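What follows is a short report on a single structure.
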Amino acid sequence: MSGDTDTRVTQVVDERARLLTRVSPGPPPDPVDTTGEARRHALLRLRVPAGVKLAVRHLEDQAAHAAAESGAGHPEIGRAVS
């Protein structure tokens, strides 16, 4: 992928992660629990890209198998993912 495409994909994933981890509106947390809430939110934000990474690996494997079944060899597949 080009640098421009990499940047755009990163932006899209970040936007989706933010939407998926948006905290529902409600009363503000107790000042005492602010650290716990921040930690929970940060861990939730980490979980989203980790899930995306697993999904991308799965899609990459599927595409590599399809390329191999279409006659692509290891060097061609390697170049495609580099």
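Residue numbering for the sequence shown follows the working numbering, starting at 125 and increasing by one per position. Backbone N, C-alpha and C define an ideal beta-carbon position, used for all residues, glycine too. This structure is a prediction, so every number in the text was calculated from the model and none was measured.
Closest by C-alpha distance to residue i, when choosing among the options
{"i": "His189", "options": "Ala174, Val205, Gln135", "result": "Val205"}
{"i": "Arg163", "options": "Thr145, Thr134, Ala179", "result": "Thr145"}
Between the CA atoms of residue j and residue i - distance to the nearest angstrom
{"i": "Thr158", "j": "Leu168", "result": "15 Å"}
{"i": "Val133", "j": "Gly197", "result": "27 Å"}
{"i": "Lys177", "j": "Glu184", "result": "10 Å"}
{"i": "Gly160", "j": "Ala179", "result": "29 Å"}
{"i": "Ser126", "j": "Glu193", "result": "26 Å"}
{"i": "Glu200", "j": "Gln186", "result": "15 Å"}
{"i": "Arg181", "j": "Ala191", "result": "15 Å"}
{"i": "Ala166", "j": "Asp130", "result": "24 Å"}
Cβ neighbour criterion (16 or more within 10 Å) applied to residue i
{"i": "Ser148", "result": "Below a pLDDT of 50, predicted positions are generally treated as unreliable, and Ser148, at 46, falls in that range; no measurement from the model is reported."}
{"i": "Gly150", "result": "The predicted model places Gly150 with a pLDDT of 47, which falls under 50 and marks its position as unreliable; any figure quoted below should be read in that light. Exposed, because fewer than 16 other Cβ atoms sit within 10 Å of the Cβ of Gly150."}
Q) Using 8 Å as the threshold, is the region 171-187 in touch with the region 134-149, meaning 3 or more CB pairs across them? A) yes
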